[in-house]
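>
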Amino acid sequence: MPALAEILAVLERSYPSALAESWDAVGLVCGDPAEEVRRVLFCVDPVEETIAEAEEVGAQLIVAHHPLLLRGVHGVPADTAKGALVHRMIRGGIALYCAHTNADSALPGVSDALAAAIGLEVDRPLDPHEPGARTGIGRIGHLHAAESFEAFVRRVAAALPASVPGVLGAGDPQRPIRTVAVAGGAGDSYLAKAAAEGVDAYVTADLRHHPAGEHLANTGTVPALVGLTHWASEWPWCGQASALVDAAFAGTVDTHVSTRCTDPWTVRATRPAAVNQGAQ
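Using our numbering, the letters of the sequence shown correspond one by one to residues 460 to 739.
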């Protein structure tokens, strides 16, 4: 069985820490690089649910997209929420490694996995690190054949794991969609960039009310919007990262992709149609 350090070397080659944003916190959070690893759990969020899952499947390593300790900390006492998770992992012999914005910008990275899931052929980054670079945030791609926006939204919903809020579309249902920009995670800061690229649709998470409304109110050609939950937009990356470890350590390391939804939204309520009609 490989040591933790050997598995981390594979992940670092694919998701170099140098690609991470300056504010980010990526890499090994806890764990002994010399310890052997038999099973790895891949997830979006290192939270109580996924740490419990790691315990259940007997994983010695959790590879998560989101950092556990993003902001500066001066201690991890066990009577705090995140400190309790750190102590739980250490007691259970579970290491935690996080690949966040370095995985966003890598090639392939988070947005490549999202694009592949919804059937896009990737052409270039949405926001490259430098002109001509193939790495960077988001991806621009195309469908092999144009389809209506309504059909495209259904395509996205069918391709991604279910979430309580679901998938939302904003735009003309009959508009033809061929070119698409995607950004896994919160991507409304790249909305103007997607519009400038002239794509037909933009798929991302955490679109805010005012930026989306102002964008759609602009005259001229603007991309239709497809809104996802944060977790659903980044979950396809777990399979991508898992495949890297599978390929490097076939027959010696078992991998497990978590399917536990760690979106915070657990209830969705809508008014019955009769009530809505009566209110009018």
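Glycine included, every Cβ here is placed at the ideal spot set by N, Cα and C.
1) Please report how far the alpha carbon of Tyr661 lies from the alpha carbon of Ala464, in whole angstroms.
2) Along the alpha helix (DSSP H) that carries Pro695, what are the first and last residues, could you check?
3) Output the distance between the C-alpha atoms of Ala618 and Ala610, rounded to the nearest integer angstrom.
4) Identify, in the order they occur along the chain, each residue of the same chain with its Cβ nearer than 8 Å to the Cβ of Ala468, setting aside the five sequence neighbours on each side.
5) On the three-state DSSP scale, how would you describe His601?
6) Below 8 Å on the Cβ atoms is my contact criterion, and I expect Gln699 with Pro526 to pass it. Report the Cβ-Cβ distance as a whole number of Å.
7) How would you call Ser622, buried or exposed, if buried means at least 16 neighbouring beta carbons within 10 angstroms?
8) Whole angstroms are fine: how far does the CA of Leu666 sit from the CA of Thr721?
9) Using a Cβ-Cβ cutoff of less than 6 Å, which residues in the same chain neighbour Gly710 once the five nearest sequence positions on both sides are dropped?
10) Going by DSSP, which residues form a beta bridge with Pro587?
11) According to DSSP, is Arg637 helix, strand or coil?
12) Which whole-angstrom value describes the C-beta separation of Gly574 and Gly600, a residue pair presumed to lie in contact below a C-beta threshold of 8 Å?
13) Can you list, in chain order, the residues of its chain whose CB lies under 8 Å from that of Ala477, leaving out five sequence neighbours each side?
14) To the nearest angstrom, how far is it from the Cα of Ala653 to the Cα of Thr638?
15) What alpha helix (DSSP H) runs, 4 residues minimum, are completely inside the stretch 469–550?
16) Inspect the beta-carbon positions of Asp659 and Ala683 and report whether they are closer than 8 Å.
17) Evaluate contact between the stretch 577–597 and the stretch 547–554, counting only Cβ atoms and requiring at least three cross-stretch pairs below 8 Å.
18) Taking the alpha helix (DSSP H) that His715 falls in, what are its first and last residues?
Judging by the given coordinates:
1) On the sequence shown, residue 661 is found 202 positions in, with the first residue counted as 1. On the sequence shown, residue 464 is found 5 positions in, with the first residue counted as 1. If you draw a straight line from the Cα of Tyr661 to the Cα of Ala464, it comes to about 38 Å.
2) One-based indexing of the sequence shown puts residue 695 at position 236. Where Pro695 is concerned, the enclosing alpha helix (DSSP H) starts and stops at Pro695 to Ala707.
3) As a working note, residue 618 is residue 159 in the sequence shown. As a working note, residue 610 is residue 151 in the sequence shown. The straight-line gap separating the alpha-carbon atoms of Ala618 and Ala610 is approximately 12 Å.
4) Here the question's residue 468 lines up with position 9 in the sequence shown. Within the same chain, Ala468 has no close Cβ partners at all.
5) Within the sequence shown, numbered from 1, the residue matching residue 601 stands at position 142. Strand.
6) Position 240 of the sequence shown, counted from the start, is the residue given in the question as residue 699. Position 67 of the sequence shown, counted from the start, is the residue given in the question as residue 526. Not quite, the Cβ-Cβ distance comes to about 18 Å (not below 8 Å), so this is no contact.
7) Walking along the sequence shown from the start, residue 622 turns up at place 163. Taking all protein chains shown into account, Ser622 has 16 or more neighbouring C-beta atoms within 10 Å of its C-beta and is therefore buried.
8) Counting from 1 along the sequence shown, the entry for residue 721 is found at position 262. Counting from 1 along the sequence shown, the entry for residue 666 is found at position 207. One C-alpha to the other measures close to 18 Å.
9) If you number the sequence shown from 1, residue 710 lands on position 251. Once the five neighbours on either side are set aside, Gly710 has no close Cβ partner at all.
10) Stepping through the sequence shown from its first residue, residue 587 is reached at position 128. DSSP, once it has assigned bridges, lists Gly595 as partnering Pro587.
11) Position 178 of the sequence shown holds residue 637. Here Arg637 sits in strand by DSSP.
12) Stepping through the sequence shown from its first residue, residue 574 is reached at position 115. Stepping through the sequence shown from its first residue, residue 600 is reached at position 141. According to the sequence as given, residue 574 is Ala; it is not Gly. About 5 Å separates the Cβ atoms of Ala574 and Gly600, confirming a contact at the 8 Å cut-off.
13) Locating residue 477 in the sequence shown gives position 18, counting from the first residue. A distance below 8 Å between beta-carbons, with the five flanking residues on each side excluded, links Ala477 to the following residues of its chain, in chain order: Asn561.
14) If you number the sequence shown from 1, residue 653 lands on position 194. If you number the sequence shown from 1, residue 638 lands on position 179. Roughly 11 Å between the two C-alpha positions.
15) Annotation: the stretch 469–550 contains the following complete segments of the alpha helix (DSSP H) (minimum length 4 residues), in chain order: 507–516 and 540–550.
16) Taking the sequence shown and counting its residues from 1, the one referred to as residue 659 is at position 200. Taking the sequence shown and counting its residues from 1, the one referred to as residue 683 is at position 224. In terms of Cβ geometry, Asp659 and Ala683 form a close pair [threshold 8 Å].
17) Not touching, per the Cβ criterion.
18) As a first step, residue 715 must be located in the sequence shown, where it is residue number 256. Per DSSP, His715 belongs to no alpha helix (DSSP H); it is in the beta strand (DSSP E), Asp713 to Val716.
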